[in-house]
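J.: Residue numbering for the sequence shown follows my numbering, starting at 16 and increasing by one per position.
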Amino acid sequence: MKNLARLSMLLMVVLFAISCNSGKTKKNTLKGEILIDGSSTVFPLSEAIAEEFRNTYPQVKVSVGESGTGGGFKKFSRAETDINDASRPIKKEEIEACKANGVDYLELEVAYDGMVVVVNPKNTWVKELKVSELKKIWEPEAQGKIMKWNQIRPEWPNKEIHLYGPGTASGTYDYFTEAVVGKAKSSRGDYTASEDDNVLVQGIASDELALGYFGMAYYENNKDKLKLVPIDDENPSNGEGAIYPDPKTVQNKTYSPLSRPLFIYINSKSLDRPEVQTFVEFYLDNCIKLAPQVGYVSLDSTAYKVAKDRWNEFLQKHTQK
Numbered sequence: 016m017k018n019l020a021r022l023s024m025l026l027m028v029v030l031f032a033i034s035c036n037s038g039k040t041k042k043n044t045l046k047g048e049i050l051i052d053g054s055s056t057v058f059p060l061s062e063a064i065a066e067e068f069r070n071t072y073p074q075v076k077v078s079v080g081e082s083g084t085g086g087g088f089k090k091f092s093r094a095e096t097d098i099n100d101a102s103r104p105i106k107k108e109e110i111e112a113c114k115a116n117g118v119d120y121l122e123l124e125v126a127y128d129g130m131v132v133v134v135n136p137k138n139t140w141v142k143e144l145k146v147s148e149l150k151k152i153w154e155p156e157a158q159g160k161i162m163k164w165n166q167i168r169p170e171w172p173n174k175e176i177h178l179y180g181p182g183t184a185s186g187t188y189d190y191f192t193e194a195v196v197g198k199a200k201s202s203r204g205d206y207t208a209s210e211d212d213n214v215l216v217q218g219i220a221s222d223e224l225a226l227g228y229f230g231m232a233y234y235e236n237n238k239d240k241l242k243l244v245p246i247d248d249e250n251p252s253n254g255e256g257a258i259y260p261d262p263k264t265v266q267n268k269t270y271s272p273l274s275r276p277l278f279i280y281i282n283s284k285s286l287d288r289p290e291v292q293t294f295v296e297f298y299l300d301n302c303i304k305l306a307p308q309v310g311y312v313s314l315d316s317t318a319y320k321v322a323k324d325r326w327n328e329f330l331q332k333h334t335q336k
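Okay, structure coming up:
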């Protein structure tokens with residue numbers, strides 16, 4: 016019996032050693048390049064995961080761009096990238112472009128975002144905003160007409176409003192205009208626009224009369240430079256009054272209508288390369304931990320399981336061809 020126990024213990028040690036060596040071998044031999052582009056909103060999460068991945072698999076080059084959701088989908092539909100970051104679902108015309116170029120893909124939710132509305136910290140008059148007021152500020156009819164703060168509320172100063180927001184290729188722009196104005200891409204054009212949310216942060220932080228919007232992570236990383244504005248969706252079923260975005264209100268969508276899912280899209284042809292397979296698995300295993308660290312809200316357990324199941328089905332389908 017003692018010999019049998021010793022033999023079992025020896026076998027376990029050998030198997031453990033083989034497992035460890037196998038892991039080391041994979042880390043040392045996995046090579047290649049992974050190209051990611053798209054949403055500037057999703058960029059902080061994908062970049063954080065890419066950094067962790069590079070530490071684990073140092074011979075794999077992971078490049079993460081931020082040309083905007085729309086700009087990213089243009090590259091993705093031409094098979095120029097392996098993964099596209101997106102702050103909105105893919106559009107019909109983008110689906111058609113993928114089909115025309117033979118790009119099959121998988122859409123995965125990876126986190127939740129609360130789109131923030133912010134002003135300069137020196138702004139003492141804005142305590143909250145209603146969705147109807149945001150619409151009044153941003154709708155196309157406001158261009159050249161709604162130019163001062165007291166046109167929103169009479170008690171506010173007779174001073175100019177300086178607006179900052181994402182460019183037209185941004186998924187954040189699409190989502191905000193649809194949620195607030197009622198139609199995607201329906202917006203006034205006389206505002207400071209950029210696909211780089213850091214540019215918007217800098218502009219608002221240096222302009223006392225500024226108001227703008229972008230993804231939650233850029234506020235979390237610049238709290239000392241910006242003032243967060245709670246939003247009243249004027250829907251009694253969500254409770255009375257204005258609500259701040261936080262992990263709870265974003266996940267349960269009471270921060271309405273500016274709570275949204277964030278996505279990655281994976282090109283099926285890229286799955287021929289083991290580095291891409293490994294990266295997507297790494298992404299799903301680590302986004303639940305890293306999303307809160309970069310200012311977003313991680314998936315709940317049910318949504319996370321759905322994402323993992325969809326990924327495994329997609330991988331099995333496309334690696335058996």
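Here a beta-carbon is modelled for each residue, glycine too, at the ideal position from N, C-alpha and C. This one's a predicted model, so the numbers in the text were calculated from it and none came from an experiment.
#1: Looking at Ser202: is its Cβ nearer than 9 Å to the Cβ of Tyr190?
#2: Let me make sure I understand the geometry here. Which of Gly129, Asp128, Gly186 has the alpha-carbon closest to that of Gly85?
#3: When DSSP labels each residue in this structure, what does Leu215 get in the three-state scheme?
#4: DSSP puts Phe278 in a beta bridge; with which residues?
#5: Starting from the C-beta of Leu215, find all residues in its chain whose C-beta is less than 6 Å away, skip the five residues before and the five after it, and write them out in chain order.
#6: Is the region 276 to 285 touching the region 86 to 106, taking contact as three or more C-beta pairs under 8 Å?
#7: Would you give the residue range spanned by the beta strand (DSSP E) that Gly47 belongs to?
#8: If we ignore side chains and look at the alpha-carbon of each, how far apart do Pro53 and Pro251 end up?
#9: Quick one: Cα of Ala194 to Cα of Thr44, how far?
#10: Residue range of the alpha helix (DSSP H) that Leu149 falls in?
#11: Looking only at its own chain, which residues have a Cβ that is under 7 Å from the Cβ of Gly286, when we skip the five neighbours before and after it?
#12: Just to confirm, are Leu149 and Val132 a CB contact at a threshold of 9 Å?
#13: Go to Tyr259, then tell me how far its alpha helix (DSSP H) extends in each direction, as first and last residue.
#14: Measure the beta-carbon distance from Glu235 to Gly310 and round it to whole angstroms, keeping in mind my assumption that it falls under 8 Å.
#15: For the alpha helix (DSSP H) containing Ser92, name the first residue and the last one.
#16: Roughly how far, in whole angstroms, is the beta-carbon of Leu60 from the beta-carbon of Ala322, given that I think they are within contact range, below 8 Å?
#17: Are the CB atoms of Val134 and Ser92 nearer to each other than 9 Å?
#18: Classify Pro289 as helix, strand or coil using the three-state DSSP reduction.
#19: For chain C, find out if any of its Cβ atoms is closer than 9 Å to the Cβ of Asn267; answer yes or no.
#20: Go through its chain and collect everything with a Cβ distance to Glu67's Cβ below 8 Å, but skip five positions before and after it.
#21: When DSSP labels each residue in this structure, what does Ser37 get in the three-state scheme?
#22: Tell me which residues share the same chain as Lys46 and place their Cβ nearer than 8 Å to its Cβ, disregarding the 5 neighbours each side in the sequence.
#23: Identify, in the order they occur along the chain, each residue of the same chain with its Cβ nearer than 8 Å to the Cβ of Asp211, setting aside the five sequence neighbours on each side.
#24: Answer yes or no: do Ile246 and Leu314 have a C-beta to C-beta separation smaller than 9 Å?
T.: Concretely, from the data shown:
#1: Position 187 of the sequence shown, counted from the first residue, corresponds to residue 202. Position 175 of the sequence shown, counted from the first residue, corresponds to residue 190. No; because the gap between Cβ atoms is not below 9 Å, this pair is not in contact.
#2: As a working mapping, residue 85 is identified with position 70 in the sequence shown. For Gly85, the nearest C-alpha among the options comes from Gly186.
#3: Within the sequence shown, the letter at position 200 stands for residue 215. Leu215 falls in the helix class under three-state DSSP.
#4: Here residue 278 refers to the residue found at position 263 of the sequence shown. Bridge partners of Phe278: Ala101, Glu124.
#5: Position 200 of the sequence shown holds residue 215. For Leu215, where only same-chain residues beyond five positions count, the Cβ hits under 6 Å are Tyr179, Ser209, Gly227, Phe229.
#6: Segments in contact, yes.
#7: For the purposes of this step, residue 47 is identified with residue 32 of the sequence shown, where counting begins at 1. Segment 47 to 53, the beta strand (DSSP E) holding Gly47.
#8: Translated into the one-based positions of the sequence shown, residue 53 becomes position 38. Translated into the one-based positions of the sequence shown, residue 251 becomes position 236. In the sequence on display, residue 53 carries Gly and not Pro. Note on geometry: alpha-carbon atoms of Gly53 and Pro251 lie some 36 Å from one another.
#9: Walking along the sequence shown from the start, residue 194 turns up at place 179. Walking along the sequence shown from the start, residue 44 turns up at place 29. Rounded to the nearest whole angstrom, the CA to CA distance from Ala194 to Thr44 is 47 Å.
#10: Here residue 149 refers to the residue found at position 134 of the sequence shown. Per DSSP, the continuous alpha helix (DSSP H) segment holding Leu149 begins and ends at 146 to 153.
#11: Your numbering for residue 286 matches position 271 in the sequence shown. Here residue 286 turns out to be Leu, not Gly, going by the sequence shown. Gln292, Leu330, His333, Thr334.
#12: For the purposes of this step, residue 149 is taken as residue 134 along the sequence shown, with counting starting at 1. For the purposes of this step, residue 132 is taken as residue 117 along the sequence shown, with counting starting at 1. In this structure, Val132 lies closer than 9 Å to Leu149 by Cβ.
#13: In the sequence shown, residue 259 corresponds to position 244, counting from 1. Taken as a continuous stretch (DSSP letters only), Tyr259 belongs to no alpha helix (DSSP H), as it is neither H nor E.
#14: Counting from one through the sequence shown, the residue named residue 235 turns up at place 220. Counting from one through the sequence shown, the residue named residue 310 turns up at place 295. Contact between Glu235 and Gly310 holds, since their C-beta atoms are separated by about 3 Å, short of 8 Å.
#15: Within the sequence shown, residue 92 is the residue found at index 77, counting from 1. Judged by DSSP secondary structure, Ser92 falls within the alpha helix (DSSP H) whose first and last residues are 84 to 92.
#16: Position 45 of the sequence shown, counting from 1, holds the residue named residue 60. Position 307 of the sequence shown, counting from 1, holds the residue named residue 322. That pair is no contact at about 14 Å.
#17: Sequence index remark: in the sequence shown, residue 134 carries index 119 (1-based). Sequence index remark: in the sequence shown, residue 92 carries index 77 (1-based). No, these two residues do not count as a Cβ contact at 9 Å.
#18: Your numbering for residue 289 matches position 274 in the sequence shown. Pro289: helix per DSSP, three-state reduction.
#19: Here chain C cannot be found, since the structure has a single protein chain.
#20: Position 52 of the sequence shown holds residue 67. Non-local beta-carbon contacts of Glu67 in its own chain, meaning distances under 8 Å to residues more than five positions away in sequence, involve Phe297, Asn301, Leu305 in chain order.
#21: Locating residue 37 in the sequence shown gives position 22, counting from the first residue. Because Ser37 sits at a pLDDT of 47, beneath the cut-off of 50, its placement in the model cannot be relied upon, and the point is left open.
#22: Counted from its first residue, the sequence shown places residue 46 at position 31. Excluding residues within five positions, the ones whose Cβ falls inside 8 Å are Gln74, Val75, Glu290.
#23: Against the sequence shown, residue 211 aligns to sequence position 196. If we look at Asp211 and ignore the five residues flanking it on each side, its Cβ neighbours are Ser55, Glu81.
#24: The residue you call residue 246 lines up with position 231 of the sequence shown. The residue you call residue 314 lines up with position 299 of the sequence shown. Result no, Cβ atoms of Ile246 and Leu314 do not sit closer than 9 Å.
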